[in-house]
Amino acid sequence: MDFKQIQELIKMVNKSNISELSIEQDKFKITIKQKESEVQQIVTVPAVTAVQPVAVAPQAVAPAPAPAAAPPAAAAPAASSNLITIKSPMIGTFYRSAGPDKPAFVNVGDDVAPGKVVCIIEAMKLFNEIESEVGGKIVKVLVDDASPVEYDQPLFLVEP
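Written out as structure tokens, the structure reads:
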């Protein structure tokens, strides 16, 4: 094996996701290893400091208004209980339209029928059209355009 062939092998290994390549021929042996990139993970946790004692004082004064605030809070889940959720069937990046200059597939207030495309989810460079499985009216879009989504994450609320 000559030097030019070794250079080509190195280029091929660098371009691929192979971590190690070993070749043996007669009395010749070569092993090419890619340098493993370290994955840096950053976790942010919201800090709660002096805000907590301030929140404790109003809670001590608030017992009288609490019963008045409870019925509207109970009414909100009752009103949204008849809504159907369109969920993400996969992990990927959520897009509301086919392109930056194209109109959104659906907007709040639009009627959808089963089989109508409501968004696109990009996964591994493939753009997957997501179709509605229910009919009704779009009440709320729950995800921002070009945001990452998880499997089974709610995307839209539909009123049947």
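Taking numbering that gives the first Met the number 0, the leading residue of the sequence shown gets 0, the next gets one more, and so forth. Even for Gly, the Cβ is constructed at its ideal location relative to N, Cα and C.
The residue from 16, 151 and 156 with its alpha-carbon nearest to that of residue 91 is 151. Bounds of the beta strand (DSSP E) holding residue 128 are 125-130.
In this structure, residue 129 and residue 88 form a Cβ contact; the two beta carbons are roughly 7 Å apart against a cut-off of 8 Å. Taking C-beta separations shorter than 6 Å and ignoring five residues to either side along the sequence, residue 106 has no partners in its chain. Residue 142 and residue 93 have their alpha carbons spaced roughly 8 Å apart.
With fewer than 16 other beta carbons inside 10 angstroms of its own, residue 21 counts as exposed. Within the same chain, 104, 128 and 130 come within 6 Å of residue 116 by CB-CB distance, once the 5 residues on both sides are set aside. In the three-state reduction of the DSSP assignment, residue 23 falls in the strand class.
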